[in-house]
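Residue numbers (my numbering), protein chains in the order written: chain S, 1 to 320; chain L, 1001 to 1320; chain U, 2001 to 2320; chain G, 3001 to 3320.
For every residue, glycine included, the Cβ atom is placed at its ideal position computed from N, Cα and C.
Step one of this worksheet: look at the structure below.
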């Protein structure tokens, strides 16, 4: 395990664009069950009940759907500086330093070759729950208010890229991420790759763009404590008229128990549970799935639904 | 987060002594649901179905119960060497290099001030499942054979020490462990501390010895994917005449869902599930529980059973 | 199985007294997760999401806590008349016909020898969900709104009586109930008996009064679909400052997974799950537990908490 | 509710034909997790751990797959006699009295218009667990041995018929069954009907034959205590190379959580969990689903897999 692997601590937050801001916000608060930390200008800041920072989801009013930016937190100030130097030397597009979102300090922004915007930062403010959100157990960040699906913490996101191999080079070079699992297509290309920066099985996945888009998002995911939370969420989504795309079921890749829905503006959102699975081996060898294996569908034989291969946000004419 | 924190990758295995070897082995294989990787001389090597190394439990025939040694795997050869240098410079007792157990290479042994034996190593052999243990999903280490309680992986152990503050100094100095939660007694002493070396909430806990013993074990724990696995295990333990000490219930400290039993020789063994909880913050501040808070009992108000405070292995006259 | 056994269809509702009406109502709606069907004078009418009648809980403002009345629905008009004739001939106290609560027709009232008031009726009105409570699935009574613990349906209640044998004679004579399990004390008395009128394992339990009261309630219970619902409810109760008396755990008697709390006025309320257990045998022989077996505690060895033996409502000086 | 409705107590057992007897038996014992009660001639007698009779599945070596006979137990000797008289007067095909399978007394046999053989009986022998199957809790029929999927009790079966309306007349006339839910096709025919004789939501379903067969079986189902048991079973089936047809998912009709597999000879076998759902209303009105509603798929939007509409046993050329 390369020493640089420890410079980044974890996925911190994702900015999601919506062209139906009020409906999306209502969904994330009352159905998905996040907590509104604050709001300013065109954005709402949301968090799961055990996220330790101010927000893990920034929901921004926009003329399209899709992804705004992706933020990772560094392991220390020194680690941040090492990463910035490496990124600047890498040849990948640099945006430079920006004032951070509310709740964290200055962030260094850069782009992957498919125009997704990333940032890394160190300074942050631990979430201080207001009185009505103060938990009874002092080792969790916030009250377990049990509203909606109510996942525990942000888990990962999935981007689409025209060239997954090139995206992989970006993740390894800029963040020091490791690939834990990947799909090798019959034509030799990478069909998808799952990355982690810590002991989680993955915090970011990239799959090949098949809908004719560029810089698109496939989905954003929060983690629940149990699989039962996900079964229960399915009933909640059903009752609230949310489009359930597929699941609850179990992925073959990563073995994650999953449920995918489309929030009112069309962004795909997942709930996932990995059980006790972690990547603890420092010399973990990526698991490689063939195209044939992939076509078998999910772990228990469910065929992958067509929209899962084509729908991304913002939608395109070719795909969705 | 100190850079040294990344030198150790994870808790690897624990050696458990038993003075009822056959009964203990039968328990761990047929009731607890581990897999026998191999056996030699006085020891059996056991693993959970998704542990990636040869063994995570070494069960050794002995004239007493209790703990043999505790093994952590380093993050790289260089990291191992850094740790060895730090331990040698620390003043804590060094045993030195030993040939490792089957399945891993040379290990460096040393002792905490309460005579528990630790070892760290780098070289290992990834578990290669024999045909009848080969899984249908290539990203898990072994077949899910569903025999007994069948936990997924080793999780943590709990040692007893006469001075938890001194034990903490040992863990921070020798392994680079962080304290995630701790108990501060009214008399100022640490009543317990929970340590982690990675993103797990803890891989080792140390609580104050109250039974008059020295170098004792409180318990060894494996992780299940779900809380339901633990409820189901309670029925399995009941049907097999295994002493259920306490649980299933939820700890206030760490929020772990737990079940404690005594294996036939008397060593306390736990099954635990932490849901999606991880320690992702690189600058996590230890949660400090007061003696008063501790006396409230478990998360949902269950009073802690008396034997939990006194029973350790090997048993003593004063306690158990 | 005696033909009379089919005259009564099921436990229909329970009237609970509270001397903290507003707090109790807030608990039942927002924490326990029932739905308010309506309100009149001194009473609120509440229902679980899949109860098919207007209400299954009548919460009444009163100068004490405890039980108002217990209602069972008959299997038909003819069955109702047969039961009325049998009760009138039985020698047990008859109150006579009363106008029913909102949502059902005339009811015939009578008393057990310990002054608990029972009623039976036939005419009822199937609950018609208002628009905002209309479910997406047409085979359930109401929207799954997922607020609070949100149990599925009323399950059973537990009364206290000075003479359980005499109470048993009352239940067999007046309702045609069967005993499915019971406790035989060393002194020969019945310590408790569990009754059913249909395929449920029990809809009413009676245990010996040990707190010096008369006509008291031990608890009222709603059923959840899963054990996980109950684990989740424990966190909800904890966060809302509700006194958790004991559980989640599994009863030896009836094998029910349980959780007991005290609602704000002090009435004990349970959530329970019986899994797939039903009493299908028409010639089921009551399971008899000895005092020794009872003292072993719950299924997985949890000792029964002292208040469970003494607390009832309304409280007494001797007990609680 | 008609008085005749109480004459039959419950579905008792199903005889299943297999042309791969050894493989089917191995599946039912080691993978599905039933217990072998006994064996004679061409049949093995199997039971779930909490079935109270000798067997609930009779597995018979045969030149085809499919259904042998379906047995219901009467509520009393008098009730049995009433039913026999009603069946004899009904005009449906009578086979007459036969010696029962091991474990129960004489049975009266008759046929539905589609040549499925039914029997009803009263005399039975309560299962007496041999020493190694004796449970630690005296209120369950047998040890919870935790081998394989290990469901709790037989739940229901699903037959195929060319005319569901005529099948309904048979069930109402001969058994006094009630329809709890049904599908009304656009052409006016019944597409399916779900029947119950007690408080279960259904113990027998009949759906329209679309594969060109006659007298065929769609599936046989056992009930688990939890949904988690079914998720776990999916992993067990996967590891054992059993064909998973569809699920785990939740039916819209009846709201059952389900998983369908094909045992080695091709008979479809289900595991199901209904949560706390029961039919308690004596005047329950059948829920009617339209063809349009049915086409929406399962509760959470999963489209019904094609083989589910055509595969039955024995297979036909047209369907499967």
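Looking at the unbroken beta strand (DSSP E) that takes in residue 3046 of chain G, where does it start and where does it end? First-last of the beta strand (DSSP E) with residue 3046 of chain G: 3043 to 3047.
Query - Reference residue 2209 of chain U, options U/2149, U/2020, U/2166, U/2143, closest by Cα - result: Among U/2149, U/2020, U/2166, U/2143, the Cα nearest to that of residue 2209 of chain U is on U/2166.
Taking the alpha carbon of residue 1274 of chain L as the reference point, which residue from L/1154, L/1188, L/1177, L/1268 has its own alpha carbon closest?
Checked all of L/1154, L/1188, L/1177, L/1268; the closest Cα to residue 1274 of chain L is L/1154.
| message | Only counting the same chain, and skipping five residues up and downstream in sequence, which positions put a Cβ closer than 8 angstroms to that of residue 1184 of chain L? | response | Correct list, in chain order: 1190, 1191, 1288, 1289, 1290, 1291.
Could you check which residue in L/1131, L/1134, L/1145 has the C-alpha nearest to that of residue 3033 of chain G?
The option with the nearest alpha carbon to residue 3033 of chain G is L/1145.
>> Please tell me whether residue 276 of chain S has its Cβ less than 7 angstroms away from any Cβ of chain G.
In response: Residue 276 of chain S does not count as touching chain G.
Q. Under 8 angstroms Cβ-Cβ, which residues of chain S neighbour residue 1255 of chain L?
A. Those within 8 angstroms of residue 1255 of chain L in chain S are 137, 139, 140.
Review point. Looking at chain S, which residues of the region 1003 to 1036 of chain L have a Cβ within less than 7 angstroms of any of its Cβ atoms?
Key: Correct list: 1006, 1009, 1010.
With burial defined as no fewer than 16 other Cβ atoms inside 10 Å of the residue's Cβ, what is the status of residue 2125 of chain U: buried or exposed? Exposed, since its Cβ has fewer than 16 Cβ neighbours within 10 Å.
- Query: Got a sec: does the ligand FAD put a non-hydrogen atom nearer than 6 angstroms to the Cβ of residue 1189 of chain L?
  - Reply: No copy of the ligand FAD appears in this structure; indeed no ligand is present at all.
- Message: Using a 10 Å radius around the Cβ and a threshold of 16 neighbouring Cβ atoms, would you call residue 22 of chain S buried or exposed?
- Response: By the Cβ-count criterion, residue 22 of chain S is exposed, with fewer than 16 other Cβ atoms from all chains shown falling within 10 Å of its own Cβ.
Just the chain U side, please: which residues come within less than 7 angstroms of residue 3296 of chain G by C-beta, in chain order?
In chain order: nothing, as chain U lies at least about 10 angstroms away.
Check your understanding: Are there three or more Cβ pairs, one per stretch, closer than 8 angstroms when the region 3292 to 3304 of chain G is compared with the region 3249 to 3259 of chain G?
Key -> In short, these stretches touch, since the Cβ pair count reaches three.
- What distance in whole Å lies between the Cβ atoms of residue 121 of chain S and residue 380 of chain S, which are believed to be in contact at a cut-off of 8 angstroms? Because chain S spans 1 through 320 in this model, residue 380 of chain S falls outside it and cannot be assessed.
Which chain G residues sit within Cβ distance under 7 angstroms of residue 2226 of chain U?
Those within 7 angstroms of residue 2226 of chain U in chain G are 3226, 3227, 3275.
7 angstroms is my cut-off, CB to CB: does residue 1230 of chain L come that close to chain U? Look at residue 1230 of chain L: its C-beta is not under 7 angstroms from any C-beta on chain U.
Exercise. For residue 2287 of chain U, decide whether its Cβ has a neighbour in chain G, counting only Cβ atoms nearer than 7 angstroms.
Key: Chain G has a Cβ within less than 7 angstroms of the Cβ of residue 2287 of chain U.
> For residue 92 of chain S, which of helix, strand or coil comes out of DSSP?
Replying inline: Shown here, residue 92 of chain S sits in coil according to DSSP, grouped into three states, outside any helix or strand.
ask   = Near residue 2075 of chain U, which residues of its chain fall below 7 angstroms by C-beta distance, leaving aside the five closest residues on each side in sequence?
value = Cβ within range, chain order: 2006, 2007, 2008, 2009.
| task | Closer than 9 angstroms by beta-carbon distance: list the chain U residues that pair up with residue 1236 of chain L, in chain order. | result | Within 9 angstroms of the CB of residue 1236 of chain L, no CB atom of chain U is found; the nearest one sits about 11 angstroms away.
- So which residues of chain G does residue 1239 of chain L contact, with C-beta pairs closer than 9 angstroms? Residues of chain G passing the Cβ test: 3135, 3136, 3137, 3143, 3144, 3145, 3146.
Item to complete: Taking C-beta pairs closer than 7 angstroms, name the residues in chain G that residue 262 of chain S reaches, listed in chain order.
Response: Neighbours of residue 262 of chain S on chain G: none; closest Cβ ~11 angstroms, over 7 angstroms.
**Asked** Near residue 3278 of chain G, what residues of its chain come up, given a Cβ to Cβ distance below 8 angstroms and the 5 sequence neighbours on each side ignored?
**Response** Non-local C-beta neighbours of residue 3278 of chain G in its own chain, meaning closer than 8 angstroms and more than five positions away in sequence, comprise 3199, 3200, 3201, ordered along the chain.
query = Considering only the beta carbon of each residue, do residue 371 of chain S and residue 206 of chain S sit closer than 7 angstroms?
reply = Lying outside 1 to 320, the shown extent of chain S, residue 371 of chain S is not represented and no answer is given.
Own chain residues within Cβ distance below 6 angstroms of residue 2068 of chain U, not counting five before or after
Answer for residue 2068 of chain U: 2015, 2017, 2060, listed in chain order.
To be precise: take each residue of the region 3082 to 3115 of chain G, compare its Cβ to all Cβ atoms of chain U, and keep it if any distance is under 8 angstroms. Which residues remain? Listed in sequence order: no entries.
Report the three-state DSSP secondary structure of residue 3012 of chain G (helix, strand or coil).
DSSP places residue 3012 of chain G within a strand segment (E or B) once states are collapsed to three.
(message) Please state the DSSP three-state secondary structure of residue 1176 of chain L.
(response) Under the three-state reduction of DSSP, residue 1176 of chain L is assigned to coil, being neither helix nor strand.
Looking only at its chain, what residues have a beta carbon closer than 6 angstroms to the beta carbon of residue 140 of chain S, apart from the 5 residues adjacent to it on each side?
Only 50 meet the Cβ criterion.
So what's residue 234 of chain S in DSSP terms, helix, strand or just coil?
-> The answer is helix: DSSP assigns residue 234 of chain S an H, G or I state.
Would residue 2204 of chain U and residue 2234 of chain U be called neighbours here (beta carbons separated by less than 7 angstroms)? Result no, Cβ atoms of residue 2204 of chain U and residue 2234 of chain U do not sit closer than 7 angstroms.
Exercise. Excluding the 5 residues preceding and the 5 following residue 3197 of chain G in the sequence, name in chain order all residues of the same chain whose CB lies nearer than 8 angstroms to its CB.
Key: Cβ within range, chain order: 3005, 3008, 3009, 3010, 3011, 3072, 3175, 3176, 3177, 3178, 3203.
In DSSP terms, what residue 2249 of chain U is bridged to: Answer is U/2258.
For the region 188 to 212 of chain S, enumerate the residues whose C-beta is nearer than 8 angstroms to any C-beta of chain L, in chain order.
Residues passing the 8 angstroms Cβ filter: 198, 199, 200.
Do residue 2266 of chain U and residue 2307 of chain U have their C-beta atoms within less than 7 angstroms of each other? No; because the gap between Cβ atoms is not below 7 angstroms, this pair is not in contact.
Residues that residue 3244 of chain G contacts on chain S, provided the C-beta gap is smaller than 7 angstroms
Correct list: 300, 301.
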